[in-house]
Amino acid sequence: MTKQVTVNLFDIVHSDKTQSLTQTLETYASLPLDQRWRSDLRLDIVKNDPESQRLLETTVYCMSFAKGRPIGPGRLSRDTPVRDVDLGPSENFGEETAALYISNKKWFLVLHNQYGIGSKRMAEYFNALDPGNSLFDYALFPRIDQAILNKLSSMKNFVEIEVRANVGAFGETEDAIGESVAAAANQSRAMRLEIRLMANTPHKKTNYLEHNKVIKFIQSLLNKSSAGVDKLKVHCDDERLDKADRILDLIEQKINLQFSTSELQLLNHRHTFDSKIALLRRAALHWNNTLN
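Under this note's numbering, the letters of the sequence shown match residues 14 to 305, in that order.
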């Protein structure tokens with residue numbers, strides 16, 4: 014089976030008090046590499062992408078995040094055991110994650126690397142440009158297929174919601190349900206929480222959850238990049254729908270594209286930066302033509 018790589022689409026948002034991401038990227042680009050470290054992260058590459066700008070007719074930045082790893086793999090050959098990789102005294106292993114920023118749409122595309130960094134830490138990195146400055150509040154929100162959100166709004170008779178997320182996400186929802194759940198969990202100093210809200214006791218199907226409040230609660234969770242939401246399912250008893258369509262898994266509906274790893278070029282056992290950006294560029298062009 015051919016291995017796949019995934020490009021995920023995020024919306025980047027921030028308040029009016031925060032400068033544009035373009036300004037922040039330009040500032041990072043002006044710093045020497047040794048001054049770009051924030052914790053174990055660094056923007057190794059951040060620059061304009063002329064080809065993407067030509068095709069999309071807007072300012073586009075391509076970038077590569079590096080994450081330091083003190084422990085990594087060894088060298089292996091067909092007839093020898095695994096051996097050390099000869100690193101210098103000040104060197105570590107490094108994981109790379111490529112990304113593309115489309116300025117006019119405020120889209121942020123990330124080529125997923127399970128050993129690299131995710132969207133939450135990328136936003137934290139941007140917010141740490143000026144350590145201690147609380148005016149930076151960038152957040153990256155996964156884009157959800159609008160057709161799925163429309164389907165959610167049209168569903169009737171919600172009977173159950175399943176959610177697993179960071180406790181803090183519930184408190185940030187500005188919603189009575191989320192705030193109550195967070196307050197209860199905070200008493201035990203819990204960090205993550207999984208809940209099921211059910212309208213009925215076992216073997217009864219006469220009650221339904223409040224439709225508008227459920228919609229508001231779910232949308233609030235989807236709009237929190239810090240949520241760490243890895244489960245969000247809605248069950249309904251809408252007789253207009255087939256049984257298979259009465260369960261909606263919103264986490265599975267994040268917008269992404271998959272490509273064969275064979276489309277990435279290898280050089281010295283690493284995928285080249287240019288080939289990663291080429292895949293991100295293709296995804297950006299596709300979404301630019303298909304999404305509102």
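Built from N, CA and C at the ideal position, the CB exists for glycine as well.
In this text, all values refer to a predicted model and were calculated from it rather than measured experimentally.
Starting from the C-beta of residue i, find all residues in its chain whose C-beta is less than 8 Å away, skip the five residues before and the five after it, and write them out in chain order.
| i | result |
| --- | --- |
| T285 | L277, Q278 and L279 |
| I228 | L165 and S166 |
| A112 | C75, M76, S77, F78, F121, L122, V123, L124, M135 and L293 |
By alpha-carbon positions, which one of the options ends up nearest to residue i?
| i | options | result |
| --- | --- | --- |
| L245 | G191, R294 and L234 | L234 |
| N105 | Q17, W120, I115 and P86 | P86 |
| L54 | F139, L69, L22 and T71 | F139 |
| F272 | H299, T219 and P45 | H299 |
| D255 | F230, K169, N301 and S193 | K169 |
| A189 | K218, N225 and R156 | N225 |
| A79 | S52, G101 and I268 | S52 |
| L270 | N117, D62, V123 and V194 | V123 |
| S33 | K118, R96 and K289 | K118 |
| D287 | L100, E64, D47 and T19 | E64 |
In whole angstroms, give me the CA-to-CA distance for residue i and residue j.
| i | j | result |
| --- | --- | --- |
| D92 | V176 | 49 Å |
| P215 | L261 | 21 Å |
| H125 | A297 | 15 Å |
| A196 | E70 | 47 Å |
| S239 | P94 | The predicted model places S239 with a pLDDT of 43, which falls under 50 and marks its position as unreliable, so this point remains unresolved. |
| N163 | K16 | 32 Å |
| N21 | G191 | 27 Å |
| A257 | Q200 | 38 Å |
| L56 | V172 | 46 Å |
| I264 | V242 | 8 Å |
| H282 | T303 | 35 Å |
| L206 | Q36 | 37 Å |
| H248 | S28 | 34 Å |
| M204 | K133 | 16 Å |
| N121 | Y114 | For the sequence presented, residue 121 should be read as Phe rather than Asn. Distance between the alpha carbons of F121 and Y114 is about 5 Å. |
| V98 | R88 | 6 Å |
| D143 | A178 | 29 Å |
| R202 | R259 | 35 Å |
| S193 | G81 | 39 Å |
Excluding sequence positions up to five away, which residues of its chain have a Cβ less than 7 Å from the Cβ of residue i?
| i | result |
| --- | --- |
| E252 | none |
| R49 | Y41, R55 and L56 |
| T31 | L148, F149, D150 and Y151 |
| V59 | L38, Y41, A42, Y74 and M76 |
| N220 | A212 and N213 |
| Q266 | I157, D158 and I161 |
May I ask you to report which of helix, strand or coil DSSP gives residue i?
| i | result |
| --- | --- |
| I174 | strand |
| Q159 | helix |
| I228 | helix |
| F286 | helix |
| I25 | strand |
| Y138 | helix |
| T214 | coil |
| E207 | strand |
| T303 | helix |
Looking only at its chain, what residues have a beta carbon closer than 6 Å to the beta carbon of residue i, apart from the 5 residues adjacent to it on each side?
| i | result |
| --- | --- |
| M211 | E173 |
| R67 | none |
| Y128 | E108 |
| P83 | N105 |
| A198 | V180 and L206 |
| S116 | T35, T71 and T72 |
| D62 | V73 and C75 |
Those runs of the beta strand (DSSP E) which lie wholly inside the segment 29 to 108 and span at least 3 residues: 54 to 61, 73 to 82, 88 to 90 and 93 to 96
At 3 residues or longer, and completely inside the segment 236 to 276: list those beta strand (DSSP E) runs for me, N to C. 244 to 249, 260 to 262 and 269 to 273
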